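Going down the list, the protein sequences come from chains A and B. For the record, in the first sequence the residue sitting at position 27 is 27 according to this note's numbering, with numbers rising by one throughout. So the number in this note's numbering is just where the residue sits in the second sequence, counting from 1, plus 1000.
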Amino acid sequence: MNQSRSIKKEAQLVRLLVSRNLTVRYKRSVIGVGWTLVNPMLSSFVLWLVFANNFGQRLASGQQYAPYLMAGTLLNAFVTVGITMSANSILENASILTKIYVKPQIFTLASAIAGLVNFAVGLLPLALVCFIAGQPLSATAPLVVFVAFFLVLFVAGAGLALSVLFIRFSDSQSISIILLNMLTYITPLFYPITDLSPKMQKVVSLNPLTSFLDCFRWSFSGNASATLGDWIYIAVSGIVMFAIGNLIFSKSWKKVVVMLG
Amino acid sequence: MKLIELKKVSFNYRVIRTTSNSLKELFRDVLHGSVRITKLEALQDITFTLESGKVLGVVGGNGAGKSTLLKIIAGVLPPQDGEISVQGTVAPMIELGAGFHPELTGAENTIFFSALIGRDVKEVKGQLLEIGDWAGVTDHLDFPIRSFSSGMIARLAFAAATQERADILLVDEVLSVGDEKFRSATRKRIREQLALGTGVILVSHEPSIIRELCDEVLWLEKGKIRLLGETDHVMDAYQASQLS
């Protein structure tokens, strides 16, 4: 069949889809890319106003609350927005997928990568906040690349698994928003994990996003401690999530494609 | 050379009969045991071949399975029964303008669409003017597609899809859109590619187009082959049945 296209052609399509995704998003908003810079700063500022006097006082010594919040907000936006967008990508492009043969997973991956670009842009204001808080960037900052890579796998995998549900059940979108919200709260976004009860600490440290966040904060500006175990955990959870998502998707695609109309 | 070969291909839509497509309600219905799955046969035992340089017309009423057939050949829908083999590159024109985004420019959309159907983006960038010229929209290439008329969109999509010769063209009602000038230009381009060995599957409701272009015609009725054979023979029978 003609359907085994070269990897080069598929990579070119992913590249075009990512840029299409970003251009369309930025063309719709007046301040365009500026919004991506301002948005995480605004939301972390609100969190800072509310929590600076309690959680902010109880971070480990040497850690700064403003960059702590901002890193959490950035990573959380990447995960929640990324998963939602990539899960939606198949439905959104149904008119293409029902008329032209394209590997559907390409759309999901492209949405996750578009989320990554936003995340990367957000590193600029994060660096600014670090500077204002008087925290120098670490020499380990390039390691953020690994965090981002495994996070893309994680987001794309979750998006693929969810996309099947999104096609089949229209109310699964609102249910997924609730679940993603829960996930946000068991990630130490605005609180230090040491502030929780021992039982809750266990739950929160099982959440892979906690390890992602620790690795991210530690490598960017030394604003957390990350163990080797954390690094292994993010690699494993990224790869496993991607594999599971692909498996679920390829098993159910035949059944759901007819529902795209 | 055989470009397309279908052997006893069947396709049915499995539809879960619930009151709505809500997860909560499905859960309730499963508990009550009131979920029913019905099969809707869209295609049954379809067998035919398409040789290079030939045009196969597909006719039939609404819901006969014409579009499902094209989608299976395009690789969009997986056949559930039977064998299908498709050799070579496919340029699907199941809907002109599929894949175009209204906010993006004519040039951006042309490049994106070409990548979708598996063309090399670098080459397409060099052919943009040629594509725009053929479609008569060169002056508009840098404007968003939402400012294009439907005729301009159709011309641009057709030009992009046929810029490079594909081994197989899948054409659904595309030749009946646009003005007389566009219609004759599209026919001319299809003939050029036929001469080079392209095979075409052409779905149309217009008997005159089918009679003009097709070597053979497949008449579908409720998902089954009613008649398959030489154009005039099938079209005489088809048109007679339409009148009665």
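The beta-carbon is built from N, C-alpha and C at its ideal position, and this holds for glycine as well. Predicted, not measured: the structure shown is a model, and the values here were computed from it.
Taking 8 Å as the cut-off, decide whether the C-beta atoms of residue i and residue j are in contact.
{"i": "Tyr65(A)", "j": "Trp48(A)", "result": "yes"}
{"i": "Glu1192(B)", "j": "Arg1119(B)", "result": "no"}
{"i": "Ala1166(B)", "j": "Thr1089(B)", "result": "yes"}
{"i": "Leu153(A)", "j": "Phe242(A)", "result": "yes"}
{"i": "Glu1305(B)", "j": "Val1203(B)", "result": "The requested residue 1305(B) does not occur in the structure, where chain B is confined to residues 1001 to 1244."}
{"i": "Thr1068(B)", "j": "Lys1007(B)", "result": "no"}
{"i": "Met70(A)", "j": "Val129(A)", "result": "yes"}
{"i": "Val1200(B)", "j": "Ile1210(B)", "result": "no"}
{"i": "Tyr233(A)", "j": "Pro198(A)", "result": "no"}
{"i": "Leu142(A)", "j": "Phe55(A)", "result": "It is Pro, not Leu, that sits at residue 142(A) in the sequence shown. It is not a contact, given that the beta carbons lie outside the stated cut-off."}
{"i": "Leu1043(B)", "j": "Ile1094(B)", "result": "no"}
{"i": "Thr80(A)", "j": "Leu180(A)", "result": "yes"}
{"i": "Val18(A)", "j": "Ala114(A)", "result": "yes"}
{"i": "Glu1206(B)", "j": "Gly1060(B)", "result": "no"}
So which residues of chain B does residue i contact, with C-beta pairs closer than 8 Å?
{"i": "Val258(A)", "result": "Tyr1013, Arg1014 and Leu1077"}
Here's the rule I'm using: 16 or more other beta-carbon atoms within 10 Å means buried, otherwise exposed. How should residue i be labelled?
{"i": "Asn1109(B)", "result": "buried"}
{"i": "Lys1071(B)", "result": "buried"}
{"i": "Asp1236(B)", "result": "exposed"}
{"i": "Ala161(A)", "result": "buried"}
{"i": "Phe312(A)", "result": "No answer is possible for residue 312(A): the residues shown for chain A start at 1 and end at 261."}
{"i": "Gln1239(B)", "result": "exposed"}
{"i": "Lys1066(B)", "result": "buried"}
{"i": "Met85(A)", "result": "buried"}
{"i": "Ala1195(B)", "result": "exposed"}
{"i": "Leu1056(B)", "result": "buried"}
{"i": "Arg58(A)", "result": "exposed"}
{"i": "Val38(A)", "result": "exposed"}
{"i": "Ala1064(B)", "result": "buried"}
{"i": "Ser1241(B)", "result": "exposed"}
{"i": "Asn53(A)", "result": "exposed"}
{"i": "Pro67(A)", "result": "buried"}
{"i": "Leu151(A)", "result": "buried"}
{"i": "Leu228(A)", "result": "exposed"}
{"i": "Gly1126(B)", "result": "exposed"}
{"i": "Asn93(A)", "result": "buried"}
{"i": "Lys251(A)", "result": "exposed"}
{"i": "Val46(A)", "result": "exposed"}
For residue i, which residues in the same chain have their Cβ closer than 6 Å to its Cβ, ignoring the five residues on either side in sequence?
{"i": "Met41(A)", "result": "Pro125"}
{"i": "Val236(A)", "result": "none"}
{"i": "Thr1234(B)", "result": "The sequence as given places Val at residue 1234(B); Thr does not occur at that position. Cβ within range, chain order: Val1217, Trp1219 and Leu1227."}
{"i": "Asn118(A)", "result": "Thr36"}
{"i": "Thr184(A)", "result": "Asn76"}
{"i": "Val271(A)", "result": "Outside the displayed span of chain A (1 to 261) sits residue 271(A), for which this structure offers no information."}
{"i": "Thr1162(B)", "result": "Arg1189"}
Give me the chain A residues within the contact set of residue i, using Cβ-Cβ distance strictly less than 9 Å, ordered along the chain.
{"i": "Ala1074(B)", "result": "Lys99, Ile100 and Tyr101"}
Going along the chain, which residues of its own chain have a beta-carbon closer than 7 Å to the beta-carbon of residue i, five neighbours each way excluded?
{"i": "Ala77(A)", "result": "Pro40"}
{"i": "Ala1107(B)", "result": "Leu1128, Leu1141 and Asp1142"}
{"i": "Ile167(A)", "result": "Ile90, Leu91, Val256, Met259 and Leu260"}
{"i": "Arg5(A)", "result": "none"}
{"i": "Ile186(A)", "result": "Val203, Val204 and Asn207"}
For residue i, return the contacting residues in chain A, with the cut-off set at a CB-CB distance below 8 Å.
{"i": "Glu1121(B)", "result": "Before going further, note that residue 1121(B) is Val rather than Glu in the sequence given. Per Cβ cutoff of 8 Å: Gln12 and Leu16."}
{"i": "His1101(B)", "result": "Arg20 and Val24"}
{"i": "Lys1071(B)", "result": "Thr98 and Lys99"}
{"i": "Ser1022(B)", "result": "Phe169, Ser170 and Asp171"}
{"i": "Ala1115(B)", "result": "Lys9, Gln12, Leu13 and Leu16"}
{"i": "Pro1092(B)", "result": "Lys99, Ile100 and Tyr101"}
In chain B, which residues lie less than 7 Å from residue i when you measure between Cβ atoms?
{"i": "Asp195(A)", "result": "Per Cβ cutoff of 7 Å: no residues; Asp195(A) is ~36 Å from chain B at best."}
{"i": "Lys254(A)", "result": "Pro1078"}
Can you list, in chain order, the residues of its chain whose CB lies under 8 Å from that of residue i, leaving out five sequence neighbours each side?
{"i": "Ile1153(B)", "result": "Leu1096, Gly1097, Phe1100 and Ile1145"}
{"i": "Asn246(A)", "result": "Gln105, Gly157 and Leu160"}
{"i": "Thr1231(B)", "result": "Gly1057, Ile1210, Arg1211, Cys1214, Asp1215, Glu1216 and Val1217"}
{"i": "Thr194(A)", "result": "Arg58, Ala60 and Gln201"}
{"i": "Ile244(A)", "result": "Gly157 and Ala161"}
{"i": "Ile248(A)", "result": "Leu160, Ala161 and Val164"}
{"i": "Ala1115(B)", "result": "Val1121 and Val1124"}
Using a C-beta to C-beta distance shorter than 9 Å, which residues of chain B count as neighbours of residue i?
{"i": "Ser95(A)", "result": "Glu1095, Ala1098 and Gly1099"}
{"i": "Lys27(A)", "result": "Glu1103, Leu1104 and Pro1144"}
{"i": "Ile175(A)", "result": "Leu1023 and Lys1024"}
Which residues in chain A have a C-beta closer than 7 Å to the C-beta of residue i? List them in chain order.
{"i": "Gly1118(B)", "result": "Arg5 and Lys9"}
{"i": "Phe1112(B)", "result": "Leu16 and Arg20"}
{"i": "Ala1185(B)", "result": "By Cβ distance, chain A contributes nothing, its closest Cβ being about 23 Å from Ala1185(B), past 7 Å."}
Would you mind listing the alpha helix (DSSP H) stretches within the stretch 1128-1212 of chain B that are 4+ residues and don't spill past its ends, in chain order? If we require 4 residues or more, the alpha helix (DSSP H) runs fully inside the stretch 1128-1212 of chain B come out as 1150-1162 and 1180-1195.
Unbroken stretches of the alpha helix (DSSP H), 4 residues or longer, contained in the stretch 9-83 of chain A: Counting only runs of 4 or more, we get 33-51.
For the stretch 194-256 of chain A, which segments carrying the beta strand (DSSP E) assignment without a break, of at least 3 residues, lie completely within its bounds, in sequence order? If we require 3 residues or more, the stretch 194-256 of chain A turns out to have no beta strand (DSSP E) run fully inside it.
Please give the ranges of any beta strand (DSSP E) in the stretch 1083-1115 of chain B, keeping only runs that are unbroken, at least 3 residues long and fully inside the region. 1090-1093
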